[in-house]
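Student: Please find one structure pasted underneath; my questions will follow.
In the working numbering, the protein residues as written are 678 to 1197.
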């Protein structure tokens, strides 16, 4: 595919010379005022975002694919002999699997705050490299304590990637273009599941090579692949649009203009008051409930789907392959629903639908007698939980203004979601095989809570937007009344002078706040 042509964005003609500042440094708002205004057509905007799609999205998606592959490959290793070789009981396997999510929860927020302090182009690839090394190490463990230790370490080093990537994408895409891209990004989880099943089938065949069991090769080879991706990311991942080598200077300014208009000239500074403010927002807490209710079936699906399918009467090697089709359908649904949601600029109804579809899948798994019908339930479950996760996470990012506040809210949302991973690791004990009724029932109930939380968030955001509309109408009326008053004439350029000398930030933020509406 050839790269899209460079934009030829022309600055609009100046209306007059702006007075020069005496200060050598400029604030972000003053730089925005001094920058020429850009008239960007819909076609130019599409080409601009397509450049981001081609240069940023692939490496981000590949890093997340490796993340999900490396956290979920323990499920493939389970039916390839890991518990038997290490002498694990069903409970010990669940504990080891859950340890990754325990450390993930505790380290997610600090790691995302570090991203705010450090550069994404260095921090995110470093995280990727470290968990690749840990994954390789997992293939070398010889007992239960060492397996628990490496799983804890995996959660520690992986904790910053997903919230960091979710935040990073908001630096490149306007709000109503974000969901489709986030759907593509999150679809890497389903691709990892499909790819992981195929790869596991092949790697298990290496059993005996170098004196290592097949399940050990799963961790070693997949960890080395992750390290390779991380090294490439050091060279391919730019910090921000202004640092992108694939953009011309005009394109950098054009995308900055689009993002500033969309993000309402947000505050890019860091302060602890902004972090605290994130935890006072109702939508953050509702989204956290949503996240944990969807994360529980999502993570348990990744950990146990090979075991669930093998208990339908298939051989272990065949079960590895049969994990691929449900994940493939999950990929199609994740991308398709995200695209439709972006096109309609609506999230809530789609998220509600994914919860209901996932519930239907788990009900089939729980109640159907025919093995083929129960296998069909895995398709509905995969489509619902993965598409739902892809919708919920960026929905919150769309509805929190301010970079520090958004980074904190996203990290908190995802940290709480990892509790679902901890719980999900225990809901499918071997004692409940072959039907796993308890696990399927818990997953169904969890998605039901997610559906209720979606309705609550929908109601809250509609109510909040109604209040913003009323405030905007009041502001317009006040402005009309002010126009009717007699005001003294002023010299041309006086407004520009005033903006350069203290009122720029206040006026830009007031205009931004008036335009902002929550995404429903």
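Glycine residues also receive a C-beta, built at the ideal position from the N, C-alpha and C atoms.
Pop quiz: residue 920 and residue 1197 are said to be a contact at Cβ under 8 Å. What is the actual Cβ separation, rounded to whole angstroms?
Tutor: Residue 920 to residue 1197, Cβ: 34 Å. No contact.
Student: Just verifying my parser: in three-state terms, what is the DSSP assignment at residue 995?
Tutor: In the structure shown, residue 995 sits in a helix (DSSP, three-state: H, G or I).
Student: Which first and last residues belong to the alpha helix (DSSP H) in which residue 762 is found?
Tutor: It spans 759-763 - the alpha helix (DSSP H) in which residue 762 sits, taken as one unbroken run.
Student: By how many angstroms is the C-alpha of residue 932 removed from the C-alpha of residue 1104?
Tutor: The straight-line gap from Cα to Cα measures roughly 46 Å.
Student: What does the Cβ neighbour count give for residue 817, buried or exposed, with the cut at 16 atoms within 10 Å?
Tutor: Classification for residue 817: exposed.
Student: Flag this pair as touching only if the segment 809-828 and the segment 1053-1068 have three or more C-beta atom pairs under 8 Å; answer yes or no.
Tutor: No, they do not touch.
Student: Relative to the C-alpha of residue 803, which candidate in 742, 763, 868 and 914 has its C-alpha closest?
Tutor: When each option's Cα is compared against that of residue 803, the closest is 914.
Student: Residue 735: buried (16+ other C-beta within 10 angstroms of its C-beta) or exposed?
Tutor: When all chains shown are included, residue 735 counts as exposed.
Student: How far does the alpha helix (DSSP H) with residue 985 in it reach, from first residue to last?
Tutor: Element bounds for residue 985: 959-987.
Student: Quick one, are the C-beta atoms of residue 759 and residue 854 less than 9 Å apart?
Tutor: No, they are not a contact pair.
Student: Measure the C-alpha to C-alpha separation of residue 1045 and residue 999 and round it to an integer number of angstroms.
Tutor: C-alpha separation (whole angstroms): 19 Å.
Student: Roughly how many whole angstroms lie between the Cα atoms of residue 773 and residue 976?
Tutor: So the alpha carbons of these two residues sit roughly 14 Å apart.
Student: State the start and end residues of the unbroken alpha helix (DSSP H) segment that holds residue 1112.
Tutor: Where residue 1112 is concerned, there is no enclosing alpha helix (DSSP H), given that its DSSP letter is neither H nor E.
Student: On the CB-based measure, 16 or more other CB atoms within 10 Å of its CB, does residue 1019 come out buried or exposed?
Tutor: With 16 or more other Cβ atoms within 10 Å, it is buried.
Student: What is the DSSP secondary structure of residue 1022, counted as helix, strand or coil?
Tutor: DSSP places residue 1022 in coil when its eight states are reduced to three.
Student: Within the segment 864-914, note down every full alpha helix (DSSP H) run reaching 4 residues or more, in order along the chain.
Tutor: Complete alpha helix (DSSP H) runs here, min 4: 891-913.
Student: What residue does the alpha helix (DSSP H) around residue 734 start on, and which one ends it?
Tutor: Residue 734 -> alpha helix (DSSP H) spans 734-755.
Student: Are the segment 1046-1061 and the segment 821-835 in contact at 8 Å, needing three or more beta carbon pairs?
Tutor: Output reads no: the segment 821-835 does not touch the segment 1046-1061.
Student: If you count every other CB in all the chains shown that lies within 10 Å of the CB of residue 1152, and 16 or more means buried, which is it?
Tutor: By the 10 Å Cβ count, residue 1152 comes out exposed.
Student: Distance, Cα to Cα, residue 865 vs residue 742?
Tutor: If I take the Cα positions, the gap works out to 5 Å.
Student: I need the DSSP call for residue 1008, collapsed to helix, strand or coil.
Tutor: In this structure, residue 1008 counts as helix in the three-state DSSP scheme.
Student: For residue 1085 and residue 1107, what's the separation of their Cα atoms in angstroms?
Tutor: C-alpha separation (whole angstroms): 38 Å.
Student: Short of 6 Å in beta carbon distance, which residues of its chain neighbour residue 829, apart from the five on each side in sequence? Order them along the chain.
Tutor: Same-chain partners within the cutoff: 776 and 780.
Student: For residue 993 and residue 1004, I'd like the C-alpha separation in whole angstroms.
Tutor: Roughly 18 Å separates the two Cα atoms.
Student: Taking DSSP as the reference, what is the three-state secondary structure of residue 1051?
Tutor: Reduced to three states, the DSSP call for residue 1051 is helix.
Student: Would you decide whether residue 1026 is buried or exposed? Buried here means 16 or more other CB atoms lie within 10 Å of its CB.
Tutor: Exposed, because fewer than 16 other Cβ atoms sit within 10 Å of the Cβ of residue 1026.
Student: Does the beta-carbon of residue 1111 have 16 or more other beta-carbons within 10 angstroms, so that it is buried, or is it exposed?
Tutor: Its Cβ having fewer than 16 others within 10 Å, residue 1111 is exposed.
Student: Does DSSP put residue 956 in a helix, in a strand, or in coil?
Tutor: The answer is coil: DSSP assigns residue 956 none of H, G, I, E or B.
Student: Taking the straight line between their C-alpha atoms, what separation do you get for residue 1194 and residue 1118?
Tutor: One C-alpha to the other measures close to 38 Å.
Student: Considering Cα atoms alone, identify which of 985, 935 and 1010 is closest to residue 717.
Tutor: Residue 717 has its Cα closest to that of 935, out of 985, 935 and 1010.
Student: Quick one: what's got a C-beta closer than 7 Å to residue 959's C-beta in the same chain, skipping five residues either side?
Tutor: Once the five neighbours on either side are set aside, the close Cβ partners of residue 959 are 1137.
Student: Which residues in the same chain have their Cβ closer than 7 Å to the Cβ of residue 954, if we skip the five residues on either side of it in sequence?
Tutor: Excluding residues within five positions, the ones whose Cβ falls inside 7 Å are 1082.
Student: Using the Cβ count rule (16 or more neighbours within 10 Å means buried), how would you classify residue 957?
Tutor: It is exposed - the Cβ of residue 957 has fewer than 16 other Cβ atoms within 10 Å.
Student: Any contact of the segment 739-758 with the segment 893-904, i.e. 3+ C-beta pairs under 8 Å?
Tutor: Contact holds: three or more Cβ-Cβ distances are below 8 Å.
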